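The sequence shown lines up with residues 12 to 206 when you count with the working numbering. Idealized CB from N, CA, C, for every residue including glycine. From a predicted model like this one, the values you see are computed outputs, not experimental measurements.
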Amino acid sequence: MDALGVYMCKSRVYDAVQAAAERVPGMKRDQVFKNVRTPALGGDLTSVKVKGEWYPLGLTVDDVSGLVLTVDGLSGEDAATLEEWMGPIAEAVGAEILVTDDADALKTVADNLGRDHQVCKSHVKRNTESLIEGLQSAVATDADESLAATSVTPEQAQARVVKISSFQMISDCETGVVFVPCFPKSTWQLRVSLI
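Below, the structure is given as structure tokens:
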């Protein structure tokens, strides 16, 4: 709703979902997405404050179409709870890939369910921007002298870091997200040696 210029707090969304659920008596969760099949199941966690207490919520979506599948109250955010929550949904929709943030618990869930794991684009972008900031300051001074060992000057390294920041993302509905770097492979080797 923010994209449309309409503010709606998380509690209001939760209340609306609960009210809608009350209007569908007897419907089981798996009936809601009975005919939904997707290769990529998206999952995210948030929390709402109710009467001064914070409660975790889990949200699942068909990551190909963007269709929200569930909004569930969770008892915790540990891997076992998340697996118990996402497992039946992933099975019901035939998901091969779980698309989540980069939380360790969600990576564990994907591993335990035997699914591939993809970090969502916004987290990849944020993590990449953070890495680039760190690389820019590291190569500017070559404090650990790793550049000197490779015969790369700080100026050359800074130019390569600028190239790293110009990567492109291509979204593919069949396989998830593919990243196409716009720089030579040697830059990746430099990046690895600087970390």
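At a Cβ-Cβ threshold of 7 angstroms, GLY84 and THR71 do not count as neighbours. Distances from the alpha-carbon of SER76 to those of SER86, VAL47 and SER58 put VAL47 closest. Taken atom to atom, the span from the alpha-carbon of THR49 to that of ASP73 is near 6 angstroms.
Contact annotation: HIS134 and ASP113 have beta-carbon atoms nearer than 7 angstroms. Within the same chain, VAL110, THR111, ASP112, ASP113 and ASN138 come within 8 angstroms of VAL130 by CB-CB distance, once the 5 residues on both sides are set aside. Its chain contains LEU52, LEU109, LEU124 and ARG126 as the residues whose beta carbon lies nearer than 8 angstroms to that of ALA101, once the 5 sequence neighbours on both sides are disregarded; these appear in chain order. For ALA51, the enclosing beta strand (DSSP E) begins and ends at 51-61.
Counting other Cβ atoms within 10 Å of its Cβ, GLU156 stays below 16 and is therefore classed as exposed.
Sixteen is the threshold: since fewer than 16 other Cβ atoms of the shown chains lie within 10 Å of the Cβ of VAL173, the residue is exposed.
Nearest C-alpha to VAL82 among GLU166, VAL59, ALA154 and ALA160: VAL59. In the DSSP assignment, GLU102 falls within the alpha helix (DSSP H) that extends over 90-104.
With contacts defined by Cβ atoms closer than 7 angstroms, VAL150 and ALA168 form a contacting pair.
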